[in-house]
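Residue numbers (the numbering used here): 669 to 1233. The structure under discussion appears below in the form of structure tokens.
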Amino acid sequence: MTTGANPGTTGARTGGQLIVDALQANGVERLYCVPGESYLAVLDALVDSGIGVTVCRQEGGAAMMADAWGRLTGQPGVCFVTRGPGATNAAAGLHIARQDSIPMVLFIGQVQRDAREREAFQEVEYRRAFTEFAKWVGEIDDPARIPEFVNRAFSVAQSGRPGPVVLALPEDVLRETVANAPGAIDPNPVAAIHPGQPQLEELAERLARAERPVMILGGTRWNSDAVGQVERFAERAQIPVGCSFRRQMLFDHLHPCYAGDVGIGINPALADEIKNSDLVVLLGGRLSEMPSSGYTLLDVPFPRQPLVHIHPDPAELGRVYRPSLAINADPASFARALSSIDTDPSPTRADRIARMHQSYLDWSTPPQTGPGDVHMGPVIDWLRQRLPADAILTNGAGNYATWVHRYVRFRQFATQAAPASGSMGYGVPAAVAAKQAFPDRTVVAFAGDGCFMMHGQEFATAIQHGLPIVVIVVNNSMYGTIRMHQERDYPGRVSATALTNPDFASLARAYGGHGETVLTTAEFEPAFERAVAADIPAIIEIKLDPEAITPTRTMSQIRGTGVNN
669 MTTGANPGTT GARTGGQLIV DALQANGVER LYCVPGESYL AVLDALVDSG
719 IGVTVCRQEG GAAMMADAWG RLTGQPGVCF VTRGPGATNA AAGLHIARQD
769 SIPMVLFIGQ VQRDAREREA FQEVEYRRAF TEFAKWVGEI DDPARIPEFV
819 NRAFSVAQSG RPGPVVLALP EDVLRETVAN APGAIDPNPV AAIHPGQPQL
869 EELAERLARA ERPVMILGGT RWNSDAVGQV ERFAERAQIP VGCSFRRQML
919 FDHLHPCYAG DVGIGINPAL ADEIKNSDLV VLLGGRLSEM PSSGYTLLDV
969 PFPRQPLVHI HPDPAELGRV YRPSLAINAD PASFARALSS IDTDPSPTRA
1019 DRIARMHQSY LDWSTPPQTG PGDVHMGPVI DWLRQRLPAD AILTNGAGNY
1069 ATWVHRYVRF RQFATQAAPA SGSMGYGVPA AVAAKQAFPD RTVVAFAGDG
1119 CFMMHGQEFA TAIQHGLPIV VIVVNNSMYG TIRMHQERDY PGRVSATALT
1169 NPDFASLARA YGGHGETVLT TAEFEPAFER AVAADIPAII EIKLDPEAIT
1219 PTRTMSQIRG TGVNN
């Protein structure tokens, strides 16, 4: 995405045209939408704009696509939905972007101004309804102010801690004409937040004294250069690095300093290293509930370990954990500044680094057997050898995702799109956006059967737009994560977790895509190769034994240790 002034034409412009002018000025290449009569004037203005329009099948999927665009490119994803039900459907994607700090701008059609406050057809007061879901919620009541509002929306979405912004667009504002519209709209600059020199010097002193330091990477406002700069610093400083939950693309997993992912299901050895560290450097992330393993890695609010917290939003510094050193800086700017830090690590750090990396390699080696005829360990093993280093993997939420997070070894930036907020249904919409953002790269979506059925209809969007994504549906005929907890807490008392599913391979063919069904481990490799060779959207259904509920424990084992036994 590039930015620059829109040359436009000085003179009369409708509100819809001004919206599109402002999108062009802010460098928007593509937007996601479900059309509605409330913003027909925008849809008309888009015809001649050159902005790519992806028409989706449900507003939640459209918002998740916008989130994935923002997650992978760093530029705000843009989504348009209609009022009322369209807006509330989109709330799922909005919530993901808010919790995951993803830049996004959601435009919502609104009832006309003279009908406001009457509970008109599909009317919602978005400034009240969506306050918890967005950084800022605005409504444009004067078409002349559209450039101001849109520029502010893009600026807010990207600044500080990034996140979603909502703009409501009354239908009559979009149809109204502004006689003297601006001939050019310049976007607002997004300020980089650089660390201060005294803070860098104090960090250098703390690192020099530390014998057991650890760095944890998370959050957004990263780029590939920043990832490389942190990798080089870690090697120079001999500091082990972990990636926050579902942020694994922030560090090369085969780099000798990589220690593993930090979150639920953490390697116990890594958890012990963090708990016993004499310096934790948290860069970009918040270490919220999931990344902190339920707030067990650091004490709240006063960590036992000295904590250096670097974050682009000053409101996050000290919000949960009191840091020993707080640095208000965005990750990319801070990563550039790391080259100025002189380090002279003790010789003991090299042995510790090697030990922690080996522990990660052991932890991320999948089991080769398990219940049933399909074993996910060899499947993941084969995929991580087969897929190119820049392949993009997406997923939603469910026990199936453990196989991706624990055993896939991510090598490059912008290769992972998964909701840290734990929202189901994300994988397929995210794969659509990933393939449009990076059309030359392989994109593989993982989904459970329950997860796929929440937004699997966006497979039709992939068909319509000619996007050859590969969707791997891990089908165990249940809401697996909930069943696992159910069997643990109420063993043998199954309620509301069993699922009856379609034939997913046949469903893919019905949409016009390629379908495969995998019943044994040996069938996966040729099925995947056929799916890729088809060069159309594909679904590979893996029939997984319900007993294979986790990589290390069967359902029967979990049931046998239930609290009521």
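A virtual CB, placed ideally from N, CA and C, is assigned to each residue, including glycine.
Asked: Start and end residues, alpha helix (DSSP H) containing TYR1075; Found: 1069–1075
Asked: Range of the contiguous beta strand (DSSP E) that encloses MET772; Found: 772–778
Asked: Meets three-Cβ-pair contact criterion under 8 Å: the segment 749–764 and the segment 722–731; Found: yes
Asked: N- and C-terminal bounds of the beta strand (DSSP E) containing ASN1063; Found: 1060–1063
Asked: Presumed contact (8 Å Cβ cut-off) between ILE1060 and ALA1085, rounded CB distance; Found: 7 Å
Asked: LYS803 in three-state terms, based on DSSP; Found: coil
Asked: ALA734 classed as buried or exposed, judged by whether at least 16 other C-beta atoms fall within 10 angstroms; Found: buried
Asked: Contact under 7 Å by Cβ, ALA997 with ILE861; Found: yes
Asked: At least 3 beta-carbon pairs within less than 8 Å: the segment 835–846 vs the segment 861–878; Found: no
Asked: Residue from SER892, ARG784, GLN865 and GLU844 whose Cα sits closest to the Cα of ASP810; Found: GLU844
Asked: Between the CA atoms of ASN757 and PHE1192 - distance to the nearest angstrom; Found: 35 Å
Asked: Same chain, Cβ closer than 7 Å to ASN944, neighbours up to 5 away in sequence not counted; Found: ARG880
Asked: Rounded separation between LEU708 and ILE1210 - CA only; Found: 42 Å
Asked: Whole runs of the alpha helix (DSSP H) within the segment 840–879, excluding any shorter than 4 residues; Found: 865–877
Asked: Check: LEU918 C-beta below 6 Å from any heavy atom of the ligand ATP; Found: You won't find the ligand ATP in this model; it holds no ligand whatsoever.
Asked: Cβ-Cβ distance between ALA1115 and VAL1141 below 7 Å; Found: yes
Asked: Exposure of ALA902, with buried meaning 16 or more beta-carbon neighbours within 10 Å; Found: buried
Asked: SER912 to ILE884 span [Cα, whole Å]; Found: 6 Å
Asked: Limits of the beta strand (DSSP E) - the one that ALA994 falls within; Found: 993–996
Asked: Neighbourhood of TYR1147 by C-beta, 7 Å cutoff - its chain only, sequence neighbours within 5 removed; Found: GLY1118, THR1165 and LEU1167
Asked: ASP1030: first and last residue of the uninterrupted alpha helix (DSSP H) it sits in; Found: 1016–1031
Asked: Local Cβ density within 10 Å of LEU922, reported as buried at 16 or more and exposed below that; Found: exposed
Asked: Simplified DSSP state of MET1223, which is helix, strand or coil; Found: helix
Asked: C-alpha distance - PRO850 paired with TYR794, whole-angstrom precision; Found: 28 Å
Asked: Contact check, ALA859 vs PRO832, beta carbons under 7 Å; Found: no
Asked: C-beta contact flag for PRO1000 and ASN891 at 7 Å; Found: Here residue 1000 is Ala; the residue named in the question, Pro, does not match the sequence. Yes, the pair counts as a contact, with Cβ atoms nearer than the cut-off.
Asked: Collapsed DSSP secondary structure at HIS1153 in the structure displayed; Found: helix
Asked: CB contact flag (GLY931, MET958, <7 Å); Found: yes
Asked: Continuous alpha helix (DSSP H) assignments of at least 4 residues falling wholly in the segment 706–749; Found: 708–714 and 727–741
Asked: Beta carbon of VAL1236 nearer than 7 Å to that of VAL773; Found: No information on residue 1236 is available, as it lies outside the stretch 669 to 1233 that the chain covers here.
Asked: Alpha carbon of VAL805 to alpha carbon of PRO771, nearest angstrom; Found: 14 Å
Asked: Of the residues GLU1215, ARG889 and ARG813, the one placed nearest VAL689, counting alpha carbons only; Found: Note that residue 689 corresponds to Asp in the displayed sequence, not to Val. The shortest Cα separation from ASP689 among GLU1215, ARG889 and ARG813 belongs to ARG813.
Asked: Outcome for GLU984 when other beta-carbon atoms lying within 10 angstroms are tallied against a minimum of 16; Found: buried
Asked: Length of the line joining the Cα atoms of PRO1234 and SER823; Found: There is no way to answer for residue 1234, as the model of the chain reaches only from 669 to 1233.
Asked: As assigned by DSSP and simplified to three states, the class of SER823; Found: helix
Asked: Cut-off 7 Å between Cβ atoms - residues of its own chain near THR1149, not counting five sequence neighbours on either side; Found: GLY1066 and ASN1067
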